[in-house]
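Chains as they are written, first to last, in the working numbering: chain Y, 4 to 479; chain E, 571 to 988.
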Ligand SMILES: Cc1cc2nc3c(=O)[nH]c(=O)nc-3n(C[C@H](O)[C@H](O)[C@H](O)COP(=O)(O)OP(=O)(O)OC[C@H]3O[C@@H](n4cnc5c(N)ncnc54)[C@H](O)[C@@H]3O)c2cc1C
Ligand code: HEM
């Protein structure tokens, strides 16, 4: 069988021919069988890709949904094995589950697998996402009673332990996942201590002003919240069971269950040495989802989408964003898949405005844009004290993000403000403006140079690879 | 007072049976300053944007006095006996009252209220259709669409059945106040009648609330009175206003949904046949009716708190804005082939229930009522056909629907065994 070789093709045929052939009988491989991988596969078929489609995933299950794992699943509202993602259409794929990709040969266009196999491709889509950042002391991480939460198995194991009624749960890290776990524990009536290195929960994602509200929510719901404190060690008993945690303020806590919620690490190790621009912050790609190689040149046959991707956004000064956002995974996978099988002029940029939601302690939190870019925040509607408000973040005189606590219905408006780079502070009157909202105040984000588990949006500077290549975009 | 040209055309009864060509003309100017009248917004994205815009108020007290007088929409604010309902309030009052009202009505606290009414709704529909037996024609408005939702709302709130006829009369009178053309008739007399009906209805409900306060029943009114959520309770006057709102908002709208739906089905016999064969089609079908022939054609109560620039027009603070939902629903920039009735339409985010914070509170109930009513009519009527096309319409241009819908049929199939 003759493979469609792009370089060969461009000599022998018009590019259109090779694209038509790719669409008809090409080989597309997707590595990472989760949200982005599945939606990418569906889009490929939706748009008429008729060739062979192979999906490689190291987890045993068909793609499932993660957001419920820290919400309904933990309180018993949904079984962990019931979060399988709904299918939009048939994808006629060759699934290789329980199989990890271990390497990539860009020149030979092959993906190496942990069972020794090699899978050739004409186009590759990388959707290997992220995993929980593990507890830094491996021996302590091994203790019985120490958990992370990323997969359905994690959720099942953790859920079972929670149901068994631990004396006290320790949550290490008050980002979104940690806060949601704490909320679930309170809903189950379990005593819970949350230890957070920053001054408030959610400080990395939403800043200290909003973080203060999150802290109040936690305390009102009976969480023993300890901020500006770190867990320094986890101690086990002779049988290897967790029994105590030591904190940086010199105190110790008796606990039999700890959940490490220190953010996520991108799954890029399998790409080490491949020549792709991949590192701990993800795989860099252009706005069309094409991966960069280490030289900063864009490839044309390797695409990236979802949590593992890191791509420039024109609305935010073309800075590279990496997002742990469900909606981003879907939107980016759709663009990547479309571009994989479309000629240049028909390709689309991924212009999704970051959006994130979380539900905790009975409150619906949503954010849009890139809050961590915000220098100041204005509470445009509602009030912090009532835990029901819309806050707008501004940077250099324009609106860059918004967050709502139980005020979701206004977000469309703020999205439009972000998209049109509307002036900050908003110069107009709106309904429900309170004394809170008369003046902007500093948004209180921690120094971005400090290591942090918090932000769900990360600004990665202007460099598409670890080597600093500076874009000089025309700013809107 | 003067009226703009377009306002005149919209309210002209001659355009009632088919207002859509007029809307198409309106859409050529997405935001139109109708001289002497309101700003008319007719395109989907502009309407959608304004419904989510915190610079827009639903509170008539923010209207410029001139605009208010010209539109005669202040009857609620004028009413000395009742505080405004949350339909006409902005946050935070709106949000507080709506949250309290949602407590006994829907998720997260009462997720099963509507679901649990399914059996009762089906019984009411079955009884109404059983009454068609032995006849070969009915008026679907008077004999079916009208009695159904009133009965439902009365049951939901807990109004004794014997008093239901009173509600028909009150609701009818008050709805005329929403009709812009009313301004051209004898305004003063009309307002008196409306106020009178409101006062009577309010007094009735006030007494009913006192009864339920003493002796709670299993109904929603009792839960509203005794409920104790984080937002506290409503005052007595707020309770009355809310109960009045639920009654009015859920009444003629649902009548129109059923009547417009049946009219549309009778004009699209292929779809009617599909619904007859498979009642599951009722779910997407009701959405398409809400897009294609929305019971609430336009929202005439918005005003900006500050000058707003939109689609090249500056709407000044305090001006009256009409959001023409029915036109947005036919906007080709949002819905491909918008004048086609297509229950298989994908991504049907119509504006039939509005959008944003005032999005219809009763939507889950209205949907279920519409689904059950249309599915049962399609299933049980043998060879149904329109006897008059177009049927005669109500005067009202805002809550638009047939006044009568004469339908002929060959027989009535038996009810399904319960
Ligand atoms: C507990 C939890 C709660 C969340 N809640 C929210 C929320 O409320 N709102 C929100 O917007 N987002 C939320 N998220 C984030 C959201 O789930 C992610 O953004 C989304 O899952 C990203 O999808 P993805 O396909 O890019 O990556 P992933 O879902 O991480 O999938 C990557 C897949 O690739 C596999 N893989 C990795 N390496 C290899 C390899 N070498 N070979 C083969 N397979 C490999 C992984 O095992 C995994 O199956 C939550 C996440 C978690 C964990
Ligand atoms: C098909 C039937 C119905 C339609 C088409 C409809 C339509 C609408 C629309 C368009 C609005 C928005 C008003 C605005 O934004 O100013 C609305 C609001 C409202 N509706 Fe409905 N409605 C229907 C049935 C019902 C029912 C059955 C109830 C009661 C049980 C109800 C109760 C309400 C209430 C209380 C509001 C005010 C919400 C608020 O201001 O927050 N509606 N409806």
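Every residue gets a Cβ at the ideal spot worked out from N, C-alpha and C, and that includes glycine. From a predicted model like this one, the values you see are computed outputs, not experimental measurements.
For a Cβ distance threshold of 7 Å, residue set 622, 624 of chain E lies close to residue 413(Y), ordered along the chain. Its chain contains 228 as the residues whose beta carbon lies nearer than 8 Å to that of residue 222(Y), once the 5 sequence neighbours on both sides are disregarded; these appear in chain order. In this structure, residue 316(Y) lies away from residue 358(Y), with their beta-carbon atoms at least 8 Å apart. Along the region 853 to 886 of chain E, going in chain order, the ones with a CB nearer than 7 Å to a CB of chain Y are 875, 876. In the same chain as residue 110(Y), and ignoring 5 residues on each side of it, no C-beta atom comes closer than 7 Å to its own. Excluding five sequence positions before and after residue 676(E), the CB atoms of its chain that fall closer than 8 Å to its own CB belong to 683, 684, 934, given in chain order. DSSP lists 362(Y) as the bridge partner or partners of residue 367(Y). Beta bridge pairing from DSSP links residue 186(Y) with no other residue.
At a cut-off of 8 Å, the C-beta of residue 898(E) has no neighbouring C-beta in chain Y. Residues of the region 895 to 924 of chain E with a C-beta less than 7 Å from any C-beta of chain Y: none at all. Residue contact with chain Y for residue 674(E): absent (no Cβ-Cβ distance below 8 Å to any residue of chain Y). Counting of Cβ neighbours within 10 angstroms places residue 919(E) among the exposed residues, the total staying below 16. Within 7 Å of the C-beta of residue 871(E) there is at least one heavy atom belonging to ligand 2.
Between the alpha carbons of residue 913(E) and residue 277(Y) lies a gap of roughly 51 Å. Shown here, residue 718(E) sits in a helix according to DSSP, grouped into three states. For residue 434(Y), a Cβ of chain E is located within less than 8 Å of the residue's own Cβ.
For residue 212(Y), no beta strand (DSSP E) segment is defined; the enclosing uninterrupted segment is the alpha helix (DSSP H) at 206 to 223. Counting only runs that start and end inside the region 86 to 140 of chain Y, the beta strand (DSSP E) elements of at least 3 residues fall at 97 to 99, 104 to 108, 113 to 116, 121 to 123, 126 to 129, 133 to 135. Ranked by Cα distance from residue 51(Y), the first of 65(Y), 31(Y), 58(Y), 61(Y) is 31(Y). Scanning 856(E), 836(E), 841(E) for the CA closest to the CA of residue 824(E) turns up 856(E). Nearest C-alpha to residue 969(E) among 836(E), 829(E), 957(E), 984(E): 829(E).
Taking the beta carbon of residue 385(Y) as reference, the chain E residues within 9 Å of it are 661, 662, 665, listed in sequence order.
By a beta-carbon distance limit of 8 Å, residue 709(E) contacts residue 974(E). Their separation comes to about 5 Å.
For residue 607(E), there are no neighbours in chain Y by C-beta distance under 8 Å, as the nearest C-beta there is about 24 Å away. With a cut-off of 7 Å, the C-beta of residue 864(E) is classified as near ligand 2, since at least one heavy atom of the ligand falls inside that distance.
Counting only the Cα atoms, residue 946(E) lies some 40 Å from residue 629(E).
Counting the other CB atoms within 10 Å of its CB gives residue 335(Y) a total of 16 or more, which places it among the buried residues.
DSSP places residue 670(E) outside any beta strand (DSSP E); the residue lies instead in the alpha helix (DSSP H), whose first and last residues are 663 to 672. For residue 285(Y), there is no enclosing alpha helix (DSSP H); the enclosing beta strand (DSSP E) has its first and last residue at 285 to 287.
Between residue 406(Y) and residue 213(Y), the gap from beta carbon to beta carbon is short of 8 Å. Scanning 87(Y), 114(Y), 74(Y) for the CA closest to the CA of residue 179(Y) turns up 74(Y). Among the CB atoms of chain E, none fall inside 8 Å of the CB of residue 408(Y). Neighbours of residue 627(E) across chain Y, judged by C-beta separation under 8 Å: 434.
Chain Y has no Cβ within less than 8 Å of the Cβ of residue 670(E). In the structure shown, residue 725(E) falls within a helical segment according to DSSP collapsed to helix, strand and coil.
In the three-state reduction of the DSSP assignment, residue 952(E) falls in the strand class, which pools E and B.
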